[in-house]
Amino acid sequence: MAVLLDENSRVIVQGITGREGSFHTKLMLEYGTKIVAGVTPGKGGQEVYGVPVYDTVSEAVEAHPEANTSIIFVPARFAADAAYEAIDAGLKLVVVITEHIPVHESMKFINYAKQKGTTIIGPNCPGIISPGKAKVGIMPGHVFKPGSIGIVSRSGTLTYEIGYAITKEGMGQSTVIGIGGDPVIGTSFTEAMKLYEEDPETEALVLVGEIGGDMEERAAQMIKRGEFTKPVVAFIAGRTAPPGKRMGHAGAIIMAGTGTYEGKVQALQEAGVKVAKTPFEIPDLLKEVLKK
Amino acid sequence: MFEYEAKEILRDKYGVKVPRSVLIRKGEDPIAKMKEAGLEPPVVVKAQVLVAGRGKAGGIKMARTWEEVKEKVEELFNKPIKGIVPKLLLIEEAIPHDVELYVGIVIDRSERKPVILASRYGGMDLEEIAKEKPDSIVRTHVDPFIGLKGYQARLIGKKIGLKGKALGSFSKFLTALYNMFMDYDGELAESNPLALVGDEVIPLDARLIVDDNALYKHPELQKDILEETGEYTEWEIKARRLGLAFVELDGDIGIIGNGAGLTMTTMDLVYEYGGKPANFLDIGGGADAEHVKTAVSFLIEFPKTKKIFMNIFGGITRCDEVAKGIVKAFQELGEVKKPIVVRLAGTNEEEGRKILRENGIEAFVDPIEAVKRLMEL
Numbered sequence: 023m024a025v026l027l028d029e030n031s032r033v034i035v036q037g038i039t040g041r042e043g044s045f046h047t048k049l050m051l052e053y054g055t056k057i058v059a060g061v062t063p064g065k066g067g068q069e070v071y072g073v074p075v076y077d078t079v080s081e082a083v084e085a086h087p088e089a090n091t092s093i094i095f096v097p098a099r100f101a102a103d104a105a106y107e108a109i110d111a112g113l114k115l116v117v118v119i120t121e122h123i124p125v126h127e128s129m130k131f132i133n134y135a136k137q138k139g140t141t142i143i144g145p146n147c148p149g150i151i152s153p154g155k156a157k158v159g160i161m162p163g164h165v166f167k168p169g170s171i172g173i174v175s176r177s178g179t180l181t182y183e184i185g186y187a188i189t190k191e192g193m194g195q196s197t198v199i200g201i202g203g204d205p206v207i208g209t210s211f212t213e214a215m216k217l218y219e220e221d222p223e224t225e226a227l228v229l230v231g232e233i234g235g236d237m238e239e240r241a242a243q244m245i246k247r248g249e250f251t252k253p254v255v256a257f258i259a260g261r262t263a264p265p266g267k268r269m270g271h272a273g274a275i276i277m278a279g280t281g282t283y284e285g286k287v288q289a290l291q292e293a294g295v296k297v298a299k300t301p302f303e304i305p306d307l308l309k310e311v312l313k314k
Numbered sequence: 003m004f005e006y007e008a009k010e011i012l013r014d015k016y017g018v019k020v021p022r023s024v025l026i027r028k029g030e031d032p033i034a035k036m037k038e039a040g041l042e043p044p045v046v047v048k049a050q051v052l053v054a055g056r057g058k059a060g061g062i063k064m065a066r067t068w069e070e071v072k073e074k075v076e077e078l079f080n081k082p083i084k085g086i087v088p089k090l091l092l093i094e095e096a097i098p099h100d101v102e103l104y105v106g107i108v109i110d111r112s113e114r115k116p117v118i119l120a121s122r123y124g125g126m127d128l129e130e131i132a133k134e135k136p137d138s139i140v141r142t143h144v145d146p147f148i149g150l151k152g153y154q155a156r157l158i159g160k161k162i163g164l165k166g167k168a169l170g171s172f173s174k175f176l177t178a179l180y181n182m183f184m185d186y187d188g189e190l191a192e193s194n195p196l197a198l199v200g201d202e203v204i205p206l207d208a209r210l211i212v213d214d215n216a217l218y219k220h221p222e223l224q225k226d227i228l229e230e231t232g233e234y235t236e237w238e239i240k241a242r243r244l245g246l247a248f249v250e251l252d253g254d255i256g257i258i259g260n261g262a263g264l265t266m267t268t269m270d271l272v273y274e275y276g277g278k279p280a281n282f283l284d285i286g287g288g289a290d291a292e293h294v295k296t297a298v299s300f301l302i303e304f305p306k307t308k309k310i311f312m313n314i315f316g317g318i319t320r321c322d323e324v325a326k327g328i329v330k331a332f333q334e335l336g337e338v339k340k341p342i343v344v345r346l347a348g349t350n351e352e353e354g355r356k357i358l359r360e361n362g363i364e365a366f367v368d369p370i371e372a373v374k375r376l377m378e379l
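Going line by line, the protein sequences match chains C and S.
Okay, so the first sequence: first residue is 23 according to the numbering used here, each after it adds one.
Okay, so the second sequence: first residue is 3 according to the numbering used here, each after it adds one.
Written out as structure tokens, the structure reads:
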């Protein structure tokens, strides 16, 4: 078991012939991910690292009916179209790596995906990995090891740092989801938490948040309501970030007094969550909560 | 987008009745232009700046006579509004009214839908309304595929106290504002105040903020407005033009990281150990030596920094590339008096640290050790 992604996932890479797409196809194959097809309009018939390329997702799915997952490396202008294409082809999980997609476009394809029963991760995210099973994303595979800790994160690099800190302390991860740094994303903290709650392999969860929005507060409310019962450790980036400034991620901005570091930490602590001051305290806090 | 542009769009593309007005540049004769446009005092003279809270900062003046028009125009052209001197003024007919309403549209991040905010108490900004009259704010979500329906708009109108024919006028205006928000990829579309004049609503102000990522869809809007917004400092504008994700802060320790979350965390770590970050600078994922060089050189030249802390966790980013970029920056700038401490971990970390040490730059694996060393310098 794991969340959303496991050894049965069969993956289509959209934008497979591009620089990023082909590079990460190679890394994902090396990790052991079962990539069954790639799609780039106009490049049908080619191969990328032995993976057959099709012009459209529907052709790829016809030739490989076992496909259930897609990862999108398509440039921002064409990424929404690629997402609709994957949703319409009936794929159940669509990971959107692309950054700088207009927020109106993301909003629309995410609403559409909900109607069709497709889970979107991202946009502007590092993807998802279930260590030892499969990786559908751009994260360095070697920093994660199979284990029982779930990680849900709004950040990329910081997730690798935290994953690595956990791995070094002899623990491992069930599934790690980088949900993305945009204001509107397909899978929120609370939506991911519902999945981890049901996953017998996950014993504890790490939430990696940042300033902006209210996802952390909503996670805290969910825990308070008793809808998430596993131990949670959190870290929030941006304690020293000033209001009104976008801190790299489009979604990382304190506006009109909402989305502050203090507000998030307080909400989480009130829900009984241990909040780490630095990412490097997380392994110790995890050991503490797991002992109980 | 400037007020006059948003109003032009509302009028010309969506058929909204907006106050009659004339736009003037510095040096133009306001009286002649007003007469040409058939305008007479009383009028409102408004600085065309993009800063929020323009009215409170003194950027809007009433002129009751021709004499006052001259005075106010002269005054506003020479008066910086939150640091920004207007290049354009909008002279608009004064519209007597009793009630000022608020309407705004944004995207609700958690619902992933547009949400319309409306209040009976316009004139003050939304934060003030939220503080003083929180119960007056009516929130309505709209399905982005179905769009705003007339009944929803009328219901909002009802809830903010409108009756009779005014409901129709409000509904028509709100639909126009919503359509503009959707057609132009708005982050925000707002009218505040929206005046109630008899049975009719008239937008006294209009704002539209377009998502930067969507500007390619609207080539007619694309222009360099970094300086106009008053949101960016001189060095932030410089950084943007170099393609760097940089935010200026108050401290004196330069910060570079890869990835927004890690860079923020690096700022927080420095703060935790008693330092004050001078900036946020994210080199992003997969940066090559050239990009690293640009970032490091920029931060060395940035006058606020006394020392620099660089925190890299290499996933896609290769530590040897990062090290090469740092060395190159120092070589090209020659004598640099600013010390730098680098933490390098992840892909090719040993190679990276070796390159740095060979060039006399301190390199660490453990970020805590690195930040402690930084604070000693």
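We put the CB at the ideal spot given by N, CA and C, even for glycine.
field: Per-residue burial, F147(S) [other beta carbons within 10 Å of its own, 16 or more giving buried]
entry: Indexing the second sequence from 1 puts residue 147(S) at position 145. When all chains shown are included, F147(S) counts as exposed.
- prompt: When the Cα atoms are used, what is the spatial distance from G60(S) to R99(C)?
  reply: Counting from 1 along the second sequence, the entry for residue 60(S) is found at position 58. Counting from 1 along the first sequence, the entry for residue 99(C) is found at position 77. Roughly 41 Å separates the two Cα atoms.
field: Within chain S, partners of I132(C) - CB distance below 7 Å
entry: As a position in the first sequence, residue 132(C) is number 110, starting the count at 1. Going along chain S in sequence order, the residues near I132(C) (Cβ under 7 Å) are R114.
query: Exposed or buried, which one is M64(S) when buried takes at least 16 other CB atoms within 10 Å?
result: Indexing the second sequence from 1 puts residue 64(S) at position 62. By the neighbour-count rule (16 or more Cβ atoms within 10 Å), M64(S) is not buried but exposed.
- request: Taking only beta-carbon positions, decide if I257(S) is within less than 7 Å of chain C.
  value: As a position in the second sequence, residue 257(S) is number 255, starting the count at 1. No, because no Cβ of chain C sits closer than 7 Å to the Cβ of I257(S).
- prompt: Which of the residues in the segment 200-211 of chain C, read from start to end, lie with their CB under 8 Å from any CB of chain S?
  reply: If the cut-off is 8 Å between Cβ atoms, the segment 200-211 of chain C has G203, P205, V206, S210 near chain S.
message: With DSSP as the reference, identify every bridge partner of K72(S), one or two as the case may be.
response: Position 70 of the second sequence holds residue 72(S). Paired residues: none, contrary to the question.
message: According to DSSP, simplified to helix, strand and coil, what is S23(S)?
response: As a working mapping, residue 23(S) is identified with position 21 in the second sequence. Strand at S23(S).
- prompt: Got a sec, what are the start and stop residues for the beta strand (DSSP E) D368(S) sits in?
  reply: By 1-based counting over the second sequence, the position of residue 368(S) is 366. Premise fails: D368(S) is in no beta strand (DSSP E) and is neither H nor E.
field: DSSP-derived helix/strand/coil call for P145(C)
entry: On the first sequence, position 123 is the one that residue 145(C) refers to. Three-state DSSP puts P145(C) in coil, outside helix and strand.
task: Take D103(C) as the anchor and find which of V297(C), K296(C), G37(C), K65(C) has the nearest alpha-carbon.
output: Here residue 103(C) is taken as the residue at index 81 of the first sequence, counted from 1. It is G37(C) whose Cα lies nearest to the Cα of D103(C).
- prompt: Just how far apart, CA to CA, sit Q150(S) and K157(C)?
  reply: The residue labelled residue 150(S) in the question sits at position 148 within the second sequence. The residue labelled residue 157(C) in the question sits at position 135 within the first sequence. A quick correction: the sequence has Leu, not Gln, at residue 150(S). Answer to the nearest angstrom: the Cα atoms are 41 Å apart.
message: Against chain S, does A241(C) count as a neighbour if the rule is that its beta carbon must be under 7 Å from one of theirs?
response: Residue numbering aside, residue 241(C) sits at position 219 when the first sequence is read from its first letter. So, not an interface residue.
- prompt: Per DSSP, what kind of secondary structure is Q68(C) in: helix, strand or coil?
  reply: For the purposes of this step, residue 68(C) is identified with residue 46 of the first sequence, where counting begins at 1. Q68(C) falls in the coil class under three-state DSSP.
Residues of its chain near T268(S), where Cβ-Cβ distance is below 6 Å and the 5 sequence neighbours each way are ignored: Position 266 of the second sequence holds residue 268(S). Counting only Cβ-Cβ distances below 6 Å, and skipping sequence neighbours, we find I257, G259, N313.
Within chain C, the residues that L271(S) reaches when beta carbons sit closer than 8 Å: As a working mapping, residue 271(S) is identified with position 269 in the second sequence. Residues of chain C passing the Cβ test: T300.
message: Assuming contact is defined by CB atoms lying nearer than 7 Å, are S23(S) and L91(S) in contact in what I supplied?
response: Translated into the one-based positions of the second sequence, residue 23(S) becomes position 21. Translated into the one-based positions of the second sequence, residue 91(S) becomes position 89. The answer is no: Cβ separation not under 7 Å.
field: Check whether P305(C) and A187(C) have beta carbons under 7 Å apart
entry: Walking along the first sequence from the start, residue 305(C) turns up at place 283. Walking along the first sequence from the start, residue 187(C) turns up at place 165. Cβ distance < 7 Å, so P305(C) and A187(C) count as in contact.
Contact list for K267(C) against chain S, beta-carbon separation under 7 Å: As a working mapping, residue 267(C) is identified with position 245 in the first sequence. The contacting residues are V249.
- prompt: Which class does L210(S) belong to by DSSP, given the choice of helix, strand or coil?
  reply: By one-based count along the second sequence, residue 210(S) stands at place 208. Strand at L210(S).
query: Relative to the alpha-carbon of V118(C), which residue among A89(C), I150(C), Q137(C), I275(C) has its alpha-carbon at the smallest distance?
result: On the first sequence, residue 118(C) is found 96 positions in, with the first residue counted as 1. Closest by alpha carbon: I150(C).
- prompt: Exposed or buried, what is G172(C) when buried is set at 16 or more other beta-carbons lying within 10 Å of its beta-carbon?
  reply: The residue you call residue 172(C) lines up with position 150 of the first sequence. Per the 10 Å Cβ criterion, buried.
query: Taking the C-alpha atoms as reference points, what is the distance between G64(C) and S44(C)?
result: The residue you call residue 64(C) lines up with position 42 of the first sequence. The residue you call residue 44(C) lines up with position 22 of the first sequence. Separation of G64(C) and S44(C) (C-alpha to C-alpha, rounded to the nearest whole angstrom) is 16 Å.
message: Which runs of the alpha helix (DSSP H) at least 4 residues long sit entirely within the segment 261-330 of chain S? Give them in chain order.
response: Fully enclosed alpha helix (DSSP H) runs of 4 or longer: 262-274, 291-303.
query: When you check each C-beta in the segment 156-178 of chain C against every C-beta of chain S, which residues fall closer than 8 Å?
result: If the cut-off is 8 Å between Cβ atoms, the segment 156-178 of chain C has I160, M161, P162, V165, S175, R176, S177, G178 near chain S.
- prompt: Using 7 Å as the limit for Cβ to Cβ distance, is T268(S) near chain C?
  reply: Here the question's residue 268(S) lines up with position 266 in the second sequence. Not closer than 7 Å to any Cβ of chain C, the Cβ of T268(S) fails to qualify, so no.
message: Quick check: what's the CA-CA separation for G125(S) versus A8(S)?
response: Locating residue 125(S) in the second sequence gives position 123, counting from the first residue. Locating residue 8(S) in the second sequence gives position 6, counting from the first residue. Rounded to the nearest angstrom, the two C-alpha atoms are 18 Å apart.
field: Residue range of the beta strand (DSSP E) that includes V228(C)
entry: What you label residue 228(C) is simply residue 206 of the first sequence in a count that begins at 1. Where V228(C) is concerned, the enclosing beta strand (DSSP E) stretches over 226-232.
message: Going by beta-carbon coordinates alone, are R32(C) and K48(C) separated by less than 7 Å?
response: Start at 1 with the first residue of the first sequence, and residue 32(C) comes out as number 10. Start at 1 with the first residue of the first sequence, and residue 48(C) comes out as number 26. Not in contact: R32(C) and K48(C) (Cβ atoms no closer than 7 Å).
message: To be precise: take each residue of the segment 75-102 of chain C, compare its Cβ to all Cβ atoms of chain S, and keep it if any distance is under 7 Å. Which residues remain?
response: Under the 7 Å Cβ criterion, the segment 75-102 of chain C contributes A98, R99.
query: Which residues in chain S sit within 7 Å of P264(C), going by Cβ to Cβ distance?
result: For this step, residue 264(C) is matched to residue 242 along the first sequence. The answer, in chain order, is L251.
message: For the segment 299-332 of chain S, list every residue whose C-beta sits within 7 Å of some C-beta in chain C, in sequence order.
response: Those residues of the segment 299-332 of chain S that come within reach of chain C (Cβ to Cβ, closer than 7 Å) are F315, G317, I318.
query: Anyone know if the C-beta pair for P168(C) and G194(C) falls short of 7 Å?
result: Your numbering for residue 168(C) matches position 146 in the first sequence. Your numbering for residue 194(C) matches position 172 in the first sequence. A contact, by the Cβ cut-off of 7 Å.
message: So that I know if they touch, is there some Cβ in chain S lying closer than 7 Å to that of E183(C)?
response: What you label residue 183(C) is simply residue 161 of the first sequence in a count that begins at 1. At least one chain S Cβ lies under 7 Å of E183(C).
field: Local Cβ density within 10 Å of N80(S), reported as buried at 16 or more and exposed below that
entry: Here residue 80(S) is taken as the residue at index 78 of the second sequence, counted from 1. Answer is exposed; the Cβ neighbour count stays below 16.
Distance between E107(C) and L115(C) (C-alpha atoms, nearest Å): Within the first sequence, residue 115(C) is the residue found at index 93, counting from 1. Within the first sequence, residue 107(C) is the residue found at index 85, counting from 1. If you take the alpha carbons of L115(C) and E107(C), they lie about 12 Å apart.
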